[in-house]
Amino acid sequence: MSRLIKKPIKLPAKVSVSVKEGEGKFSGDTVKGKIFHFKGPKGEIEVFVPPLVEVESKDGEIWVKPIDPAKLPKPMRKMARALPGTIYRHLENAVKGVLEGYTKVLKVVGQGYRVKKEGDKFVFTVGYSHPVYYEVPQEYRKYVKAEVQGVDTVIVSGTSKELVGLVAAQIRSIKEPNIYTGKGIRYADEVITLKPTKKAKV
3 MSRLIKKPIK LPAKVSVSVK EGEGKFSGDT VKGKIFHFKG PKGEIEVFVP PLVEVESKDG
63 EIWVKPIDPA KLPKPMRKMA RALPGTIYRH LENAVKGVLE GYTKVLKVVG QGYRVKKEGD
123 KFVFTVGYSH PVYYEVPQEY RKYVKAEVQG VDTVIVSGTS KELVGLVAAQ IRSIKEPNIY
183 TGKGIRYADE VITLKPTKKA KV
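Everything in the sequence shown is counted per the working numbering, starting at 3 for the first residue and increasing by one.
Dropping the structure here:
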């Protein structure tokens, strides 16, 4: 069981949380649980808490409490032990997301390589015989956005750490950095170790 759950998540003054009963996805199924709605300077986000974990919000703190595994059917006990730490992290990330936000910066590297935005679509010219189009999935847009800066930079930001990382990874996959030349799309803080070019046999 995670040691994290022994301490509460502190709610900053600029962050509010409300709780309601609702449904969400858990282990591939739709189940009933609690939905924690966080709101702050950077926006809002929801975290679904399944019934295998108890979460309480009061006096500016959020406590994550495990359910006694002995009270559960044997197949669910292992999951019940591991889940509190995961839920704690999701809630902690949500608080940071609405307070400070998450950001990933990508660079388009290569002679003639560039990116521009046309409406909601990003148009990448990255060495293919045709431009590549990308659009942030509609269901993500409540929690993440992406913008172009100049002709070689894409900034992905939002309240969801998971979705910001996912959108950034999707963009990077359009043209992953070449291991010999470095050309492609990379994270701004990514270090690319180039391999020496293979020499032709004489």
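C-beta: ideal position from N, C-alpha, C; glycine also.
- Taking the C-beta atoms as reference points, G99 is found nearer than 8 angstroms to S162.
- Buried is the label assigned to G186, since at least 16 other Cβ atoms lie within 10 Å of its Cβ.
- Residue state for H92 is assigned as helix, using DSSP reduced to three classes.
- A check of alpha carbon separations from Y130 across E178, I47, K147 identifies E178 as the nearest.
- Taking a cut-off of 8 angstroms for Cβ pairs, the region 149–160 and the region 98–115 touch, as three or more such pairs fall below it.
- Boundaries of the alpha helix (DSSP H) harbouring R174: 163–174, taken from the DSSP string.
- Here Y90 is buried, its C-beta having at least 16 other C-beta atoms within 10 Å.
- Where D31 is concerned, the enclosing beta strand (DSSP E) starts and stops at 31–42.
- The Cβ-Cβ distance between Y136 and I173 falls below 8 angstroms.
- V66 sits away from L101, with the two beta carbons spaced by 8 angstroms or more.
- For L108, the enclosing beta strand (DSSP E) starts and ends at 104–111.
- In this structure, K118 sits near V153, with a CB-CB distance shorter than 8 angstroms.
- Here F40 is near V17, since their CB atoms are less than 8 angstroms apart.
- Excluding the 5 residues flanking it on each side, P14 has same chain C-beta neighbours closer than 6 angstroms at L101, in chain order.
- A residue is called buried when at least 16 other Cβ atoms come within 10 angstroms of its Cβ; V193 does not meet this threshold and is exposed.
- The criterion of a C-beta distance shorter than 8 angstroms is not satisfied by F126 and V138.
- Taking V55 as the centre and dropping the five residues before and after it, the same chain places the C-beta of L85, P86, I89 closer than 6 angstroms to its C-beta, in chain order.
- Looking at K9, G114, P133, the one whose alpha-carbon comes closest to that of K123 is P133.
- In this structure, DSSP gives K80 a helical state, which the three-state scheme calls helix.
- The bridge partners DSSP lists for S20 are H39.
- Put simply, the backbone Cα of K34 is about 46 angstroms away from that of N180.
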